[in-house]
Structures are given as C-alpha cells and as structure tokens.
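Heads up, the sequence shown is in my numbering, so the first residue is 1367 and it goes up one at a time. C-beta atoms are modelled at their ideal positions from N, C-alpha and C, and glycine is treated no differently. Please read the structure below before turning to the comments.
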Amino acid sequence: MAVKLDKVVPFGRSFDEYVRMFSLSETELYPLSETELYPLSDFAQKSILSVADGPASFNAEGTEYGCKIQSVDPLYAFSGDDIRDRFYAVCDNIIEQVRLTPDDWVWRYHRSPDDLKVRRSRVTERFYQDYDLGKQQGRYTLGELPTLPYADGAYDLGLCSHFLFLYSQQFNRAFHLAAVLEMLRVCKEVRIFPLLGLDLVRSPHLPFVIQQLEQSGYACCIQTVDYELQKGGNEMLKITPSHLP
Ligand SMILES: C[S@@+](CC[C@H](N)C(=O)[O-])C[C@H]1O[C@@H](n2cnc3c(N)ncnc32)[C@H](O)[C@@H]1O
C-alpha cells in the first residue's frame, strides 16, 4: 500500500544515534586497513540494510565514513523537497507535543525539546543533501515490509529503527512476524529498536514474535543499549540463527 505523505511524520535519527541504538561496533561499521586484516570473518565490515530508514542521516553520514549502508523505505516514493517540506510542516507541532509530556522523555543525550528540534532539523538537512545522489547510486530504495526487494542473504546485518514494535497499535502481530522473517530472509542478523510502543509500554507483539522465531531456529536476545529518549526505551532485540553467538 503506498504511503501518504500527509500521514507520515518524517523525523529521522543521526548516525551516532544509530550506533547507540544498535550497539554497532567499529569492526561492523568500518573497513579494515590492510595492516589490520584479521583471518576471522567476524571482524570484517558488515553490509547493512536499514529498513524503514526514512529521513535518517545514517546512510548519508555512514557512506561518508566508508560504511556499506543500503536504505529502504516507502517514503522514497517522494522527492527530497517533499520530504523536507513535510518535516518542517509537522516539526513544531511534534516538539510541542513532546514539551507537553515532560515525564515521557529522558533528557540525557538530547538536552531538551529545543535541542531535539535542532538535532532533528540537522538530520533532515543532512539526509536532504545526500538523497538525490544516494538515489542515483542506489543507496535509497523504494520498498516496504513485509516484502523486501532483495535476494536471500544479500546483507550481513538488517536494522529497523522506530518502525517495528513502535507502531504496535497500527500493525498486528502477524504483520510483525512476517516483517521480521522477511528481514531474516534477506539479512544474516537483524536488530530492532525500540521495543516500546508509542504508549511507552513494551510491545504486546514481542513475546509472540520471539516465541515464533525461537521455534523456527533463531536465537533472540534483548540487549540494553546506550540510548534512551522515550522513557524506558533503551532495549534492542538482536536476532541471529541459533548456531551463531
Ligand atoms: C518514525 S520513522 C523512522 C525513520 C528512521 N528509521 C529513524 O529511526 O530515524 C518510520 C519510518 O517507517 C516507514 N514505514 C512505514 N511503513 C513501512 C513499511 N511497511 N515498511 C517499511 N517502512 C515503513 C516510514 O515511511 C518512516 O520513514
């Protein structure tokens, strides 16, 4: 189903926020120099598929740093100007909603609602500057869960930030399971953040999804990470085939 821009809140996160949300290590992100070559493939740079990446600047910044990042999102049906205009159309209203719910947020990484606005605007501009070139280079692809336009095992690591589990009221548990299984078809490992819904409660779909995945031979691990903006939202789900650590 095509996404409608006037229904989208195109708030994106930065590369540094992705590193924290997904506990990404330097060896996963960056190419090794020749002097650092390790015989073990575990230490090799990972190819990353960032699903529901939207207007995040993870791809723009990461590509500049030498990371291998592919983004996929239904939002990429729209032009950069449309996405940027939509951000500025909704930004003040969202920040005002945040200001009116002070107990729902942790002001540690982001210092205040005003700081959040500055950082989200910076991310939007960084995404906007990279978007047309990234599209030409094939780094931003139109696509949506639960069907991804990639071959089996095409990526080492799949990430999904602020889509699965967050919108638990809009998408049911069958959608969540199908979406995660599709990410696992395409990616050797999958990480999802956060595990809370918009109501700040752990997604009711999480136990079902974990149980089904474990029955299908995957290992699921909930890790606490060094990032929390939604109060209580500092957990990430890591899914691997059960023979891997
Ligand atoms: C809140 S934004 C998160 C953007 C980015 N991941 C981040 O954390 O900064 C949610 C994103 O999910 C995307 N989305 C909506 N439906 C989707 C679907 N069925 N499959 C993949 N992405 C979807 C939206 O277009 C939007 O870009």
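query                                                                                                             : result
Terminal residues of the alpha helix (DSSP H) in which ALA1455 lies                                               : 1446 to 1465
Straight-line gap, PHE1377 to PRO1607 (C-alpha atoms, nearest Å)                                                  : 32 Å
Sequence-distant residues of its chain with Cβ nearer than 7 Å to PHE1381 (five each side left out)               : SER1423, PHE1424, GLU1427 and GLY1428
Where GLU1473 falls, given that 16 or more other Cβ within 10 Å makes a residue buried                            : One detail in the question is off: residue 1473 reads as Trp in this sequence, not Glu. Exposed.
Alpha carbon of LEU1514 to alpha carbon of PRO1479, nearest angstrom                                              : 35 Å
Continuous alpha helix (DSSP H) stretch holding ASP1522: start and end                                            : Where ASP1522 is concerned, there is no enclosing alpha helix (DSSP H), although the beta strand (DSSP E) it sits in stretches over 1521 to 1527.
Supposed contact pair ARG1557 and LYS1685 - C-beta distance, whole angstroms, cut 8 Å                             : In this structure the chain extends from 1367 to 1611, so residue 1685 is not present and cannot be described.
Continuous beta strand (DSSP E) stretch holding VAL1438: start and end                                            : 1434 to 1439
TYR1584 and LEU1561 closer than 8 Å at C-beta                                                                     : no
Identity of the residue in THR1507, SER1389 and THR1467 nearest ALA1443 by Cα                                     : THR1507
DSSP state of ALA1517 mapped onto helix, strand, coil                                                             : coil
Touching by the beta-carbon criterion (3+ pairs, under 8 Å), the region 1450 to 1466 and the region 1476 to 1496  : yes
Among VAL1438, SER1582, ASN1538 and ASN1600, nearest to GLN1500 - alpha-carbon criterion                          : A small fix is needed here, since residue 1500 is Gly in this sequence, not Gln. If we check each option's Cα against that of GLY1500, VAL1438 comes out closest.
Distance cut-off 7 Å: HIS1571 Cβ against heavy atoms of ligand 1                                                  : no
Minimum C-alpha distance to ARG1485 - residue among PRO1421, PRO1468 and SER1527                                  : PRO1421
Residue(s) in a DSSP beta bridge with VAL1484                                                                     : According to DSSP, which records beta bridges pairwise, VAL1484 is partnered with nothing at all.
Validate contact between the region 1564 to 1578 and the region 1531 to 1545 using beta carbons, cut 8 Å, 3 pairs : yes
Supposed contact pair GLY1524 and LEU1415 - C-beta distance, whole angstroms, cut 8 Å                             : 5 Å
Any non-hydrogen atom of ligand 3 closer than 7 Å to GLU1510 Cβ                                                   : Among the ligands present in this structure, namely ligand 1, ligand 3 is not found.
Where LYS1554 sits in the DSSP three-state scheme                                                                 : strand
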